[in-house]
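Residue 286 in my numbering sits at position 286 of the sequence shown; the count goes up by one each step and never skips. Note that the Cβ used here is the ideal one computed from N, Cα and C, for glycine as well. As the structure is a computational prediction, the values presented were derived from the model and not from experiment.
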Amino acid sequence: MTSVSVVVPVYNSEESLPTLVKRIQPALGALQTPFELILVNDSSSDGSWSLIRELALQHRWIRGLNLSRNYGQHNALLCGIRHARFDTIVTMDDDLQNPPEEIVRLVAKLEEGFDVVYGTPDKEQHGVLRNLASRVTKMTLASAMGAESARNVSAFRAFRASLREGFEHYRGPFVSIDVLLTWGTTRFPAVQVRHNTRSVGVSNYTLRKLLIHAANVMTGFTALPLQIASLIGFAFTLFGLGLLAFVLVRYWIDGSSAPGFPFLASVISIFSGAQLFALGVIGEYLARMHFRMMERPPFMVRESTEALIEEDAAIRKTGKHAAGVQSS
């Protein structure tokens, strides 16, 4: 069985982190393989980073990364994925809605010969609007990923670390881990897993953030909006030809033209709206190109626990050396 790196983006999760670590240790230990837990602090406003530092000192299999500002869940995941050291990478949320005990099932499914395995919740625990927004996001991902199985995506996923080669040079500010994974494979099944209710705090993934993420995926990783704009333009071209035919036939038959200002104003409004919609879509794509040309990094790490652990090890070594000198 391959070694496992678990990546967890952390945002204002000071209350849930101790329980997460307590439950994840036996879950990873059951794999009987080397493992690590990477906690990426996405500029939390509570004491999450201080707690991560303490946990890293207590458990050497925990590594912490502190981002310089809030970049978003997928950007934080990308940071952790690029710092992972082992063959299999598992990503999950920090709110314990993804049970750590289900990691074994994801890894077992992965070893059947697949590249990415999603842990699909057996029952959604959110409100009606949140579930609707989640479905819209998954439909958008299905278009961007070019696979129907994208409807099963979730934040609870396991995949082979070798897939990182497919997006190792990606530096855009807009990140979708699910789309990036499809750059290296199309083999990603899903298994149903238990989905718990959130025990502490409130969800940071609001309806607004889900819709923004869907829009970023749609305009950043697919040409679907441009295709829709083209179809609308084609449809209104046919509509315009139909209006022209109506005006000519009416003139030839009755010798009269169509009614004046109301008719003309309605037609102009319809066509102007279609043109502005197409321009707006083109503007969104130009904005994405502009941000990518600026080469804004998807994340920046302010500090990590690596230096803290090395410093602690040096202090312990110095203390043992001093004790040995005194005893001699």
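Taking C-alpha positions only, Thr91 is separated from Thr219 by approximately 25 Å.
Within 10 angstroms of the beta-carbon of Trp252 lie fewer than 16 other beta-carbons, which makes it exposed. Around the beta-carbon of Leu51, 16 or more other beta-carbon atoms lie within 10 Å, marking it buried. It is roughly 37 Å from the alpha-carbon of Val193 to the alpha-carbon of Arg296.
Under DSSP, Ala190 shares a beta bridge with Tyr118. In this structure, Ile24 places its C-beta atom within 8 Å of the C-beta atom of Pro100.
Gly255 counts as exposed, since fewer than 16 other C-beta atoms from the protein chains shown sit within 10 angstroms of its C-beta. In this structure, the straight-line span from the alpha carbon of Thr318 to that of Ala56 is close to 20 Å. Per the coordinates, the alpha-carbon of Ile270 lies some 14 Å from the alpha-carbon of Leu279.
Relative to Gln227, the option among Val153, Phe277, Asp42, Lys22 whose CA is nearest is Phe277. Taking a C-beta distance under 8 Å as the contact criterion, Glu310 and Asn66 do not qualify as a contact pair. For the 8 Å CB-CB criterion, Phe159 and Asn98 do not form a contact. An exposed status is given to Ala314, since fewer than 16 other beta-carbon atoms sit within 10 Å of its beta-carbon. Closest by C-alpha distance to Thr222, out of Ala235, Ala190, Ser45, Trp183, is Trp183.
Here the C-alpha atom of Glu306 lies approximately 7 Å from the C-alpha atom of Arg63. Inclusion of Asp115 and Arg187 in the CB contact set at 8 Å is warranted, their separation being smaller than that value. Annotation for Ser3: no beta strand (DSSP E) segment contains it, and DSSP assigns it neither H nor E.
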